[in-house]
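K.L.:
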Amino acid sequence: MTVLFLHPDLGIGGAERAIVDAAMAAKSIGYDVEIITNYHDHSHCFEETANGTLKVTPVFQWLPRTTFGKITAVWAFVKMVLAAIWICLFRRSQAELIFVDQVSAPLPILRLFGFKVATVFYGHFPDMLLASHASTMRRAYRSFVDKFEELTTVVADVIVVNSNFTAETFKKTFKSLHSRELKVLYPVPNFDNLYFVLVSTGKVIFLSINRYERKKNISLSLRSLGDIRPNDVQLVHVGGYDSRVKENVEHYRELFDLISEQVTLLRSCTSDVKALLIAASHAVIYTPHREHFGIVPIEAMFLWRPVIALNSGGPKETIIAGKTGFLCDCEPEDKTVRDISGYMARLVI
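For the sequence shown, UniProt numbering assigns the number 349 to the last residue and increments by one with no breaks.
#1: Give me the Cα-Cα distance between Lys147 and Asn248, rounded to the nearest whole angstrom.
#2: Tell whether a beta-carbon distance below 8 Å holds between Thr119 and Leu110.
#3: Going by other Cβ atoms of all chains shown within 10 Å of its Cβ, with 16 needed for buried, is Asn51 buried or exposed?
#4: Which residue from Ala131, Leu182, Thr37, Tyr241 puts its Cα closest to that of Ile209?
#5: Ordered along the chain, which non-local residues of its own chain (more than five positions away) have a Cβ less than 8 Å from that of Thr57?
#6: Which residues bound the beta strand (DSSP E) around Phe77?
#7: Nearest to Ala15 by CA position, among His42, Ser28, Phe46, His237, is which residue?
#8: Reducing DSSP to helix, strand and coil, say where Leu185 ends up.
#9: The beta strand (DSSP E) with Asp101 in it runs from where to where?
#10: Could you give the distance in angstroms between the alpha-carbon of Lys216 and the alpha-carbon of Pro288?
#11: Which complete beta strand (DSSP E) runs does the UniProt domain "Glycosyl transferase family 1" (201-339) hold, if anything under 3 residues is left out?
#12: Over the uninterrupted beta strand (DSSP E) stretch that includes Leu6, give me the two end residues.
#13: From this set, Arg305, Ile298, Tyr286, which residue's C-alpha is nearest Ser312's C-alpha?
#14: Skipping 5 residues on each side, what residues in its chain have a beta carbon closer than 7 Å to that of Pro106?
#15: By Cβ distance below 6 Å, which residues in the same chain neighbour Tyr122 in space, the five residues on each side in sequence not counted?
#16: Which runs of the alpha helix (DSSP H) spanning at least 4 residues fall entirely within the segment 12-40, listed in chain order?
#17: Contact defined as beta carbons within less than 8 Å: I believe Phe54 pairs with Val20. What is the distance between those atoms, to the nearest angstrom?
#18: Spatial neighbours of Cys269 within its chain, please: CB distance less than 8 Å, with the 5 preceding and 5 following residues excluded, ordered by chain position.
#19: Taking the alpha helix (DSSP H) that Tyr141 belongs to, which residues open and close that run?
#20: Please work out which residues of its chain come closer than 8 Å, Cβ to Cβ, to Pro8, disregarding the five sequence neighbours upstream and downstream, and give them in chain order.
#21: Give the range of the alpha helix (DSSP H) segment to which Thr57 is assigned.
#22: Is Val33 close to the ligand FMN? I mean its beta-carbon at under 7 Å from any heavy atom of the ligand.
#23: Here's the rule I'm using: 16 or more other beta-carbon atoms within 10 Å means buried, otherwise exposed. How should Asp157 be labelled?
#24: Go ahead and pull the three-state DSSP assignment for Phe115.
#25: Determine, using beta carbons only, whether Val117 and Leu89 come nearer to each other than 8 Å.
#26: Taking only the alpha-carbon atoms, compute the straight-line gap between His251 and Leu63 and give it to the nearest angstrom.
#27: Any idea what DSSP makes of residue 350, helix, strand or coil?
#28: Please return the same chain residues whose Cβ sits closer than 8 Å to the Cβ of Lys274, not counting the five positions on each side in sequence.
#29: Let me see if you follow: with CB-CB separation under 8 Å, is His282 close to chain B or not?
#30: With respect to the alpha helix (DSSP H) encompassing Asn164, which residues constitute its N-terminal and C-terminal limits?
#31: Specify the secondary structure class of Thr66 as computed by DSSP and reduced to three states.
#32: Using a threshold of 8 Å, state whether the C-beta atoms of Leu310 and Val263 are closer than that.
Below, the structure written as C-alpha coordinates:
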(Lines of atoms letter the chains of each structure in order from A and count residues from 1; the text may use other names and numbers.)
(Lines give C-alpha, C1' and ligand atoms only; values in the text may rest on other atoms or scores of the structure.)
Protein backbone atom coordinates (compact mmCIF):
# COMPACT_ATOMS: atom_id res chain seq x y z
CA MET A 1 0.00 0.00 0.00
CA THR A 2 1.28 3.46 -0.93
CA VAL A 3 0.59 6.47 1.30
CA LEU A 4 1.15 9.95 -0.09
CA PHE A 5 1.65 12.87 2.27
CA LEU A 6 0.90 16.29 0.79
CA HIS A 7 2.46 19.16 2.72
CA PRO A 8 2.96 22.82 1.70
CA ASP A 9 6.49 23.60 2.93
CA LEU A 10 8.74 20.89 4.33
CA GLY A 11 11.08 23.02 6.43
CA ILE A 12 11.80 22.86 10.15
CA GLY A 13 8.90 23.26 12.56
CA GLY A 14 6.44 21.37 14.71
CA ALA A 15 4.01 20.71 11.83
CA GLU A 16 6.83 19.43 9.63
CA ARG A 17 8.19 17.27 12.43
CA ALA A 18 4.74 15.70 12.86
CA ILE A 19 4.51 14.86 9.15
CA VAL A 20 8.01 13.40 9.08
CA ASP A 21 7.27 11.26 12.14
CA ALA A 22 3.92 10.10 10.68
CA ALA A 23 5.66 9.16 7.43
CA MET A 24 8.38 7.30 9.33
CA ALA A 25 5.74 5.42 11.34
CA ALA A 26 3.89 4.39 8.17
CA LYS A 27 7.13 3.26 6.57
CA SER A 28 8.15 1.26 9.65
CA ILE A 29 5.06 -0.97 9.34
CA GLY A 30 5.58 -1.71 5.68
CA TYR A 31 3.83 1.03 3.73
CA ASP A 32 5.44 2.68 0.73
CA VAL A 33 5.64 6.37 1.59
CA GLU A 34 6.21 9.52 -0.43
CA ILE A 35 5.97 13.14 0.67
CA ILE A 36 4.85 15.60 -2.01
CA THR A 37 5.63 19.20 -1.09
CA ASN A 38 5.79 22.65 -2.63
CA TYR A 39 9.14 23.42 -1.03
CA HIS A 40 12.07 21.38 0.24
CA ASP A 41 15.51 22.83 0.93
CA HIS A 42 18.19 20.28 1.84
CA SER A 43 19.97 22.91 3.94
CA HIS A 44 16.84 23.67 5.98
CA CYS A 45 14.95 20.46 6.72
CA PHE A 46 14.83 17.44 8.99
CA GLU A 47 17.51 14.83 8.45
CA GLU A 48 15.14 12.05 7.37
CA THR A 49 13.98 14.12 4.39
CA ALA A 50 17.50 14.94 3.22
CA ASN A 51 19.41 11.68 3.68
CA GLY A 52 17.13 9.46 1.61
CA THR A 53 15.31 7.81 4.51
CA LEU A 54 12.06 9.29 3.21
CA LYS A 55 11.21 9.86 -0.43
CA VAL A 56 10.46 13.56 -0.92
CA THR A 57 9.25 15.03 -4.21
CA PRO A 58 9.10 18.83 -4.46
CA VAL A 59 6.70 20.16 -7.10
CA PHE A 60 6.16 23.75 -8.31
CA GLN A 61 8.95 24.85 -6.01
CA TRP A 62 9.76 27.72 -8.37
CA LEU A 63 6.51 29.52 -7.59
CA PRO A 64 6.76 32.36 -5.02
CA ARG A 65 5.52 32.29 -1.43
CA THR A 66 4.10 35.80 -1.63
CA THR A 67 3.58 38.75 -3.94
CA PHE A 68 5.49 41.68 -2.42
CA GLY A 69 4.99 40.09 0.98
CA LYS A 70 1.20 39.78 0.52
CA ILE A 71 -1.46 37.14 -0.35
CA THR A 72 0.53 34.33 1.27
CA ALA A 73 -2.62 32.23 1.78
CA VAL A 74 -3.64 32.50 -1.88
CA TRP A 75 -0.22 31.34 -3.05
CA ALA A 76 -0.35 28.43 -0.59
CA PHE A 77 -3.76 27.42 -1.99
CA VAL A 78 -2.61 27.75 -5.62
CA LYS A 79 0.55 25.71 -5.10
CA MET A 80 -1.21 22.96 -3.20
CA VAL A 81 -3.93 22.79 -5.89
CA LEU A 82 -1.23 22.41 -8.52
CA ALA A 83 0.43 19.72 -6.41
CA ALA A 84 -2.90 17.87 -6.28
CA ILE A 85 -3.20 18.06 -10.07
CA TRP A 86 0.37 16.72 -10.34
CA ILE A 87 -0.58 13.78 -8.10
CA CYS A 88 -3.63 13.06 -10.27
CA LEU A 89 -1.43 13.01 -13.37
CA PHE A 90 1.62 11.15 -12.10
CA ARG A 91 0.61 9.16 -9.01
CA ARG A 92 -2.94 8.05 -9.87
CA SER A 93 -2.06 4.36 -10.19
CA GLN A 94 0.09 4.27 -7.04
CA ALA A 95 -1.65 6.08 -4.20
CA GLU A 96 -4.10 4.24 -1.98
CA LEU A 97 -4.31 6.87 0.76
CA ILE A 98 -3.59 10.59 0.61
CA PHE A 99 -2.80 12.47 3.80
CA VAL A 100 -3.32 16.20 3.18
CA ASP A 101 -1.68 18.41 5.78
CA GLN A 102 -2.59 21.97 6.86
CA VAL A 103 -3.98 23.34 3.58
CA SER A 104 -7.33 21.86 2.49
CA ALA A 105 -7.40 23.32 -1.04
CA PRO A 106 -6.24 20.08 -2.78
CA LEU A 107 -9.18 17.99 -1.50
CA PRO A 108 -11.85 19.03 -4.06
CA ILE A 109 -9.27 18.80 -6.88
CA LEU A 110 -8.65 15.15 -6.06
CA ARG A 111 -12.42 14.57 -6.23
CA LEU A 112 -12.87 16.51 -9.50
CA PHE A 113 -10.18 14.42 -11.17
CA GLY A 114 -11.96 11.24 -10.15
CA PHE A 115 -9.38 10.22 -7.58
CA LYS A 116 -11.16 7.51 -5.63
CA VAL A 117 -8.62 6.83 -2.90
CA ALA A 118 -9.33 7.75 0.71
CA THR A 119 -8.32 11.25 1.80
CA VAL A 120 -7.39 12.31 5.30
CA PHE A 121 -7.10 15.99 6.19
CA TYR A 122 -4.94 16.86 9.16
CA GLY A 123 -6.02 20.20 10.58
CA HIS A 124 -3.61 22.11 12.78
CA PHE A 125 -5.75 25.23 13.28
CA PRO A 126 -8.19 27.28 11.16
CA ASP A 127 -6.08 29.65 9.08
CA MET A 128 -8.76 32.32 9.32
CA LEU A 129 -8.05 32.65 13.05
CA LEU A 130 -4.33 33.10 12.46
CA ALA A 131 -4.68 35.82 9.80
CA SER A 132 -5.23 39.52 10.29
CA HIS A 133 -8.64 41.01 9.41
CA ALA A 134 -7.70 44.55 10.44
CA SER A 135 -8.43 46.68 7.36
CA THR A 136 -11.48 46.78 5.07
CA MET A 137 -9.42 45.53 2.14
CA ARG A 138 -7.95 42.78 4.29
CA ARG A 139 -11.40 41.68 5.44
CA ALA A 140 -12.66 41.58 1.85
CA TYR A 141 -9.70 39.46 0.78
CA ARG A 142 -9.98 37.15 3.77
CA SER A 143 -13.76 36.67 3.33
CA PHE A 144 -13.05 34.74 0.13
CA VAL A 145 -10.07 32.86 1.56
CA ASP A 146 -11.88 31.96 4.80
CA LYS A 147 -14.97 30.62 3.01
CA PHE A 148 -12.78 28.65 0.60
CA GLU A 149 -10.97 27.11 3.56
CA GLU A 150 -14.25 25.93 5.12
CA LEU A 151 -15.75 24.59 1.86
CA THR A 152 -12.64 22.59 0.99
CA THR A 153 -12.09 21.18 4.49
CA VAL A 154 -15.42 19.33 4.55
CA VAL A 155 -14.53 17.40 1.37
CA ALA A 156 -12.10 15.10 3.20
CA ASP A 157 -13.24 11.55 3.93
CA VAL A 158 -11.73 11.81 7.41
CA ILE A 159 -10.75 14.93 9.32
CA VAL A 160 -8.23 14.56 12.10
CA VAL A 161 -6.84 17.29 14.34
CA ASN A 162 -3.94 17.56 16.75
CA SER A 163 -5.80 18.15 20.03
CA ASN A 164 -9.21 18.43 21.66
CA PHE A 165 -8.61 22.17 21.83
CA THR A 166 -8.16 22.29 18.05
CA ALA A 167 -11.25 20.12 17.48
CA GLU A 168 -13.37 22.51 19.54
CA THR A 169 -11.91 25.50 17.69
CA PHE A 170 -12.61 24.02 14.23
CA LYS A 171 -16.22 23.29 15.14
CA LYS A 172 -16.77 26.76 16.58
CA THR A 173 -15.18 28.38 13.54
CA PHE A 174 -16.73 26.37 10.69
CA LYS A 175 -20.50 25.78 10.99
CA SER A 176 -20.39 23.05 8.35
CA LEU A 177 -18.30 20.92 10.73
CA HIS A 178 -20.80 20.99 13.60
CA SER A 179 -22.12 17.51 12.76
CA ARG A 180 -18.82 16.01 11.58
CA GLU A 181 -16.75 13.73 13.76
CA LEU A 182 -13.29 15.18 14.18
CA LYS A 183 -10.83 12.58 15.34
CA VAL A 184 -7.97 13.66 17.61
CA LEU A 185 -4.60 12.33 16.50
CA TYR A 186 -1.92 13.58 18.83
CA PRO A 187 1.48 14.07 17.19
CA VAL A 188 4.03 11.71 18.73
CA PRO A 189 7.76 12.43 18.55
CA ASN A 190 10.19 9.96 17.07
CA PHE A 191 11.57 8.84 20.41
CA ASP A 192 14.56 7.24 18.68
CA ASN A 193 15.80 10.81 18.13
CA LEU A 194 15.49 11.62 21.83
CA TYR A 195 18.08 10.23 24.17
CA PHE A 196 19.16 11.13 27.67
CA VAL A 197 22.80 11.94 28.24
CA LEU A 198 24.45 13.16 31.41
CA VAL A 199 25.64 16.68 30.69
CA SER A 200 27.51 18.83 33.20
CA THR A 201 27.76 22.50 32.27
CA GLY A 202 28.34 24.14 35.65
CA LYS A 203 25.32 26.35 34.96
CA VAL A 204 21.59 26.17 35.50
CA ILE A 205 20.15 26.10 31.99
CA PHE A 206 16.59 26.90 31.00
CA LEU A 207 15.66 26.05 27.44
CA SER A 208 13.05 27.72 25.24
CA ILE A 209 12.09 26.13 21.90
CA ASN A 210 9.88 27.86 19.33
CA ARG A 211 9.99 29.35 15.87
CA TYR A 212 11.04 32.99 15.60
CA GLU A 213 7.48 34.30 15.38
CA ARG A 214 5.93 37.03 17.52
CA LYS A 215 2.86 34.93 18.35
CA LYS A 216 5.14 32.46 20.15
CA ASN A 217 5.76 35.04 22.94
CA ILE A 218 9.46 34.26 23.19
CA SER A 219 10.08 37.58 24.92
CA LEU A 220 8.18 36.26 27.98
CA SER A 221 10.99 33.84 28.75
CA LEU A 222 13.60 36.58 28.27
CA ARG A 223 11.75 38.94 30.61
CA SER A 224 11.27 36.19 33.20
CA LEU A 225 15.01 35.71 33.46
CA GLY A 226 15.37 39.26 34.78
CA ASP A 227 14.15 38.25 38.24
CA ILE A 228 16.51 35.26 38.54
CA ARG A 229 19.55 36.54 40.36
CA PRO A 230 22.33 33.91 40.24
CA ASN A 231 24.83 34.66 37.47
CA ASP A 232 25.22 30.98 36.67
CA VAL A 233 21.67 30.81 35.25
CA GLN A 234 21.57 30.66 31.46
CA LEU A 235 18.61 30.84 29.09
CA VAL A 236 19.01 29.23 25.68
CA HIS A 237 16.39 29.78 23.01
CA VAL A 238 16.45 27.64 19.90
CA GLY A 239 13.94 28.23 17.15
CA GLY A 240 13.07 27.40 13.58
CA TYR A 241 14.45 30.13 11.34
CA ASP A 242 13.88 30.53 7.60
CA SER A 243 15.59 33.45 5.87
CA ARG A 244 12.74 33.48 3.31
CA VAL A 245 10.28 34.41 6.05
CA LYS A 246 10.38 38.13 6.82
CA GLU A 247 8.97 37.72 10.32
CA ASN A 248 11.65 35.17 11.27
CA VAL A 249 14.38 37.61 10.28
CA GLU A 250 12.76 40.63 11.94
CA HIS A 251 11.83 38.89 15.18
CA TYR A 252 15.27 37.36 15.60
CA ARG A 253 16.74 40.88 15.39
CA GLU A 254 14.14 42.18 17.87
CA LEU A 255 15.02 39.50 20.39
CA PHE A 256 18.74 39.91 19.81
CA ASP A 257 18.41 43.54 20.91
CA LEU A 258 16.81 42.38 24.19
CA ILE A 259 19.28 39.74 25.29
CA SER A 260 21.91 39.89 28.01
CA GLU A 261 25.02 37.79 28.58
CA GLN A 262 22.76 35.20 30.24
CA VAL A 263 20.85 34.54 27.00
CA THR A 264 21.86 32.60 23.90
CA LEU A 265 19.81 32.56 20.69
CA LEU A 266 20.22 29.62 18.31
CA ARG A 267 18.60 29.08 14.93
CA SER A 268 17.32 25.85 13.34
CA CYS A 269 19.43 23.26 15.14
CA THR A 270 19.50 19.56 14.28
CA SER A 271 17.46 16.93 16.13
CA ASP A 272 20.61 15.68 17.87
CA VAL A 273 21.49 19.14 19.15
CA LYS A 274 17.93 19.72 20.35
CA ALA A 275 17.96 16.45 22.29
CA LEU A 276 21.30 17.39 23.85
CA LEU A 277 19.98 20.82 24.86
CA ILE A 278 16.86 19.36 26.47
CA ALA A 279 18.94 16.83 28.39
CA ALA A 280 21.30 19.58 29.59
CA SER A 281 18.49 21.86 30.75
CA HIS A 282 16.85 22.13 34.15
CA ALA A 283 13.49 22.87 32.53
CA VAL A 284 11.92 23.78 29.22
CA ILE A 285 9.93 27.02 28.92
CA TYR A 286 7.08 26.98 26.41
CA THR A 287 5.41 30.36 25.89
CA PRO A 288 2.82 30.25 23.03
CA HIS A 289 -0.73 31.24 23.98
CA ARG A 290 -3.56 29.01 22.68
CA GLU A 291 -1.00 26.69 21.08
CA HIS A 292 -2.75 24.08 18.93
CA PHE A 293 -0.85 21.15 20.45
CA GLY A 294 2.85 21.64 21.12
CA ILE A 295 5.27 18.79 20.49
CA VAL A 296 8.08 20.37 22.53
CA PRO A 297 6.51 19.64 25.96
CA ILE A 298 6.16 15.96 24.99
CA GLU A 299 9.83 15.78 24.01
CA ALA A 300 10.89 17.50 27.22
CA MET A 301 8.78 15.30 29.48
CA PHE A 302 10.05 12.16 27.72
CA LEU A 303 13.54 13.26 28.77
CA TRP A 304 12.33 13.86 32.34
CA ARG A 305 12.50 17.62 32.11
CA PRO A 306 9.70 19.72 33.64
CA VAL A 307 7.89 22.16 31.36
CA ILE A 308 6.84 25.69 32.27
CA ALA A 309 4.00 26.61 29.88
CA LEU A 310 0.95 28.83 29.57
CA ASN A 311 -2.35 27.46 30.83
CA SER A 312 -4.09 27.35 27.45
CA GLY A 313 -4.47 25.26 24.32
CA GLY A 314 -2.73 21.93 23.80
CA PRO A 315 -0.35 22.07 26.81
CA LYS A 316 -3.39 21.86 29.12
CA GLU A 317 -3.99 18.37 27.67
CA THR A 318 -0.43 17.11 27.99
CA ILE A 319 1.12 18.69 31.10
CA ILE A 320 0.09 17.50 34.56
CA ALA A 321 0.43 20.64 36.68
CA GLY A 322 2.72 20.11 39.65
CA LYS A 323 3.91 16.71 38.41
CA THR A 324 5.34 17.00 34.90
CA GLY A 325 5.43 20.78 34.76
CA PHE A 326 3.81 24.06 35.66
CA LEU A 327 0.98 26.00 33.96
CA CYS A 328 1.05 29.79 34.19
CA ASP A 329 -1.76 32.33 33.92
CA CYS A 330 -1.96 33.77 30.40
CA GLU A 331 -2.85 37.31 31.38
CA PRO A 332 -2.14 39.94 32.40
CA GLU A 333 1.29 39.66 30.84
CA ASP A 334 3.15 40.94 33.90
CA LYS A 335 1.49 38.19 35.95
CA THR A 336 2.58 35.60 33.37
CA VAL A 337 6.17 36.81 33.60
CA ARG A 338 6.06 36.63 37.41
CA ASP A 339 4.63 33.10 37.30
CA ILE A 340 7.30 31.87 34.90
CA SER A 341 10.03 33.57 36.91
CA GLY A 342 8.70 32.07 40.14
CA TYR A 343 8.76 28.53 38.77
CA MET A 344 12.25 29.10 37.36
CA ALA A 345 13.42 30.27 40.80
CA ARG A 346 12.01 27.12 42.44
CA LEU A 347 14.10 25.00 40.08
CA VAL A 348 17.28 27.01 40.68
CA ILE A 349 17.29 26.39 44.42
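Built from N, CA and C at the ideal position, the CB exists for glycine as well. Keep in mind the model is a prediction, meaning the values are calculated, not measured.
P.N.:
According to the structure data:
#1: 28 Å
#2: yes
#3: exposed
#4: Ranked by Cα distance from Ile209, the first of Ala131, Leu182, Thr37, Tyr241 is Tyr241.
#5: Glu34, Ile35, Ile36, Thr37
#6: First-last for Phe77: 72-90, but that is the alpha helix (DSSP H), not the beta strand (DSSP E).
#7: Phe46
#8: coil
#9: 97-101
#10: 4 Å
#11: 204-209, 233-239, 263-267, 283-286, 307-310, 325-328
#12: 2-7
#13: Tyr286
#14: Leu6, Met80, Val81, Ala83, Ala84, Val100
#15: Cβ neighbours of Tyr122 beyond the five flanking positions: Asp101, Val160.
#16: Annotation note: the segment 12-40 contains the following uninterrupted alpha helix (DSSP H) runs of length 4 or greater, listed N- to C-terminal: 14-28.
#17: The residue you asked about is not Phe; residue 54 is Leu in the sequence shown. Indeed they touch by this definition, with Cβ atoms about 7 Å apart.
#18: Val238, Leu277
#19: 136-153
#20: Thr37, Asn38, Tyr39, Ala76, Lys79, Met80, Asp101, Gln102, Val103
#21: No alpha helix (DSSP H) holds Thr57; the beta strand (DSSP E) holding it covers 55-58.
#22: Although the ligand FMN was asked about, the structure shown includes no ligands whatsoever.
#23: exposed
#24: If DSSP states are grouped into helix, strand and coil, Phe115 belongs with coil.
#25: no
#26: 25 Å
#27: No answer is possible for residue 350: the residues shown for the chain start at 1 and end at 349.
#28: Ile209, Val238, Glu299
#29: Any reference to chain B falls outside this structure, which holds one protein chain only.
#30: 164-173
#31: coil
#32: Result no, Cβ atoms of Leu310 and Val263 do not sit closer than 8 Å.
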